[in-house]
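A.B. asks: Per our numbering, the sequence shown starts with residue 2, numbered consecutively. The beta carbon of each residue, even a glycine, is placed where N, CA and C say it ideally should be. Computed from a prediction, not measured in an experiment: that's the story for all the values here.
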Amino acid sequence: MKNRIRIERAILDITQADLAERINVSRQTINAIESNKYVPSTVLALKIARIFGKSVEEVFELEEND
């Protein structure tokens, strides 16, 4: 699964730590999601999308092999 978290963070000028704090997870969790090492739960994906004012589909995208 691809994601635009790094891009969306840059647009809002927030760090991984800032995003993590806003959704009550660790910075390492945000790093793992950005690096495609961890697929977030539905609830976490919704929280991330809400911070960016986007739909989940605008932030996360399934790849062909998913």
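Looking at the strands, I want to know which residues DSSP matches up with N4.
C.D. replies: In the DSSP output, where bridge partners are listed per residue, N4 has F61.
A.B. asks: Which of the three DSSP states is assigned to N32 in this structure?
C.D. replies: It is helical.
A.B. asks: Could you tell me whether the stretch 52-59 touches the stretch 2-16, where touching means 3 or more Cβ pairs closer than 8 Å?
C.D. replies: Touching, per the Cβ criterion.
A.B. asks: Which residue from V26, K38, N37 and E35 puts its Cα closest to that of V44?
C.D. replies: Of the candidates V26, K38, N37 and E35, the one whose C-alpha sits nearest the C-alpha of V44 is V26.
A.B. asks: Looking at the structure shown, is D19 part of a helix, part of a strand, or coil, going by DSSP?
C.D. replies: The answer is helix: DSSP assigns D19 an H, G or I state.
A.B. asks: L20 and I12 - do their beta-carbons sit closer together than 8 Å?
C.D. replies: Result no, Cβ atoms of I12 and L20 do not sit closer than 8 Å.
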